[in-house]
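Numbering (UniProt numbering), first residue to last: 1 to 391.
Glycine included, C-beta positions come from ideal geometry on N, C-alpha and C.
The next block holds one structure in the form of structure tokens; read it before the comments.
Shown next, in the form of structure tokens:
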């Protein structure tokens, strides 16, 4: 019996497992993940701000996977392509005939001095909880320290995660001010971005609406302001200083370090894959999600790494494993976005939907739409009961 191994239980990994299991092909199907739970990475910012608890965005992998799937809770150290084995921290080596690697992302510091030591990333449940504890502890501490930097927050980056974090933060801030008895007029929230653009994936009118929404609630944007160093309590842009005792680092992500550790030909831990998502020279191995660089045939540039694309890639990878098992030719990956939804807290946001024409949405309707998207994700990766339990 052939062994198919899936690495990672994020959006791509869970989707591939379900596709392969439901095909009812006679294979040994093994899912490897570092944690016993799946978390909705698109909701980490809510845990980081404190508007959701970890149990709201997680579910038990073992309960969610179809019957017959083996689940190994262990950390992947490396992949040996020549011997077709995955090296695990506690379980030793795991052999495979086919591999779908969906190990996910890590924070990207771009080599900026002090960023890793002094910034708070939002890349998994642990880092989101650490950011929340720091935020709440620093704000609460102001009553004793009277240090106004305890009331200052700098968000580094103005991409998707940064803006969603800011939206959630300004939504919760009034309750935090009340809870800790803080002077509301001394709260300061800065967003520092190297490029001249905010939310580059959206049209300018929606970007302007989002920026205005956040500015009215106290956020100050600094675009074309490259970060050159991060010190304890200070974000530097050449000679300009932004002081804050809470520094959120959301400038970008790279793929899992396992890619570089395994000797792949990579850039930022992403590998340019073949049209069928396989690795050059290894037709039995498929990469999906944040470790996979898939060229967009229209632009020639890799698609951005999103949950939507990861799920689409997982569908193709699973179909191609089944094709290989049946002695058939794999299919090329094709992708058409159904749209993008960016929340600004639970009751507002901006969205572009590509369904029966291009729809541009803003305001409270996007908050409802975001919840629908999140619920659908949980339902598709697990089941109805899990979805209902998460609400």
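- When the beta-carbon positions are compared, residue 98 and residue 314 stay at least 9 Å from each other.
- By the neighbour-count criterion, in which 16 or more other beta carbons inside 10 Å mark a residue as buried, residue 241 falls on the exposed side.
- Remark: C-beta atoms of residue 223 and residue 195 approach each other more closely than 9 Å.
- If you ignore the 5 residues before and after residue 347, its C-beta comes within less than 7 Å of the C-beta of 364 and 367, all in its own chain and listed in chain order.
- In terms of Cβ geometry, residue 162 and residue 170 do not form a close pair [threshold 9 Å].
- Closest by C-alpha distance to residue 339, out of 345, 306 and 7, is 306.
- By the C-beta density criterion, residue 238 is exposed, having fewer than 16 other C-beta atoms within 10 angstroms.
- In this structure, the alpha-carbon of residue 33 lies about 14 Å from that of residue 58.
- For residue 28, the secondary structure class from DSSP, reduced to helix, strand or coil, is strand.
- Under the DSSP assignment, residue 243 falls in the beta strand (DSSP E) whose first and last residues are 240-243.
- Around residue 231, the same chain offers 114 as residues with beta carbons nearer than 6 Å, after the five sequence neighbours per side are excluded.
- In the three-state reduction of the DSSP assignment, residue 21 falls in the helix class, which pools H, G and I.
- Between residue 243 and the set 153, 120 and 112, the nearest pair of CA atoms involves 153.
- Fully enclosed alpha helix (DSSP H) runs of no fewer than 4 residues occupy 204-215 and 257-261 of the region 200-283, in order along the chain.
- When only Cα atoms are considered, residue 22 and residue 266 end up about 33 Å apart.
- Residue 78 has 87 as its beta-bridge partners, per DSSP.
- Here the region 141-151 does not lie against the region 276-295, with fewer than 3 beta-carbon pairs under 8 Å apart.
- A buried status is given to residue 100, since no fewer than 16 other beta-carbon atoms sit within 10 Å of its beta-carbon.
- A direct Cα-to-Cα measurement between residue 286 and residue 69 gives close to 19 Å.
- Between the C-alpha atoms of residue 284 and residue 102 there is a straight-line separation of about 14 Å.
- Bounds of any beta strand (DSSP E) do not take in residue 118; it lies within the alpha helix (DSSP H) bounded by 115-118.
- Judged by beta-carbon spacing, residue 105 lies within the 9 Å limit of residue 253, meaning their Cβ atoms are closer than that value.
- Residue 192 holds the alpha-carbon nearest to the alpha-carbon of residue 226 among 192, 233, 206 and 47.
- In this structure residue 54 touches residue 125 by the C-beta definition: roughly 6 Å separates them, less than 8 Å.
- At the C-beta level, residue 350 and residue 362 come within 9 Å of one another.
- Per DSSP, residue 7 is one residue of the beta strand (DSSP E) stretching across 3-7.
- Boundaries of the alpha helix (DSSP H) harbouring residue 319: 307-325, taken from the DSSP string.
- With respect to residue 217, residue 49 sits apart: the two C-beta atoms are not nearer than 9 Å.
- In this structure, residue 80 lies near residue 262, with their beta-carbon atoms less than 9 Å apart.
- Take residue 132, set aside five residues on each side of it, and the residues of its chain with a beta-carbon closer than 8 Å to its own are 47, 48, 49 and 50, in chain order.
- Taking a 10 Å sphere around the C-beta of residue 138, we find 16 or more other C-beta atoms and assign the residue as buried.
- Residue 288 places its beta carbon less than 9 Å from that of residue 16.
- Counting along the chain, residue 95 sits inside the beta strand (DSSP E) bounded by residues 92-95.
- Inter-residue distance for residue 330 and residue 90 is about 34 Å (C-alpha atoms, whole angstroms).
- Beta-bridge partners of residue 195 (DSSP): none assigned.
- Secondary structure of residue 136 (DSSP, three-state): helix.
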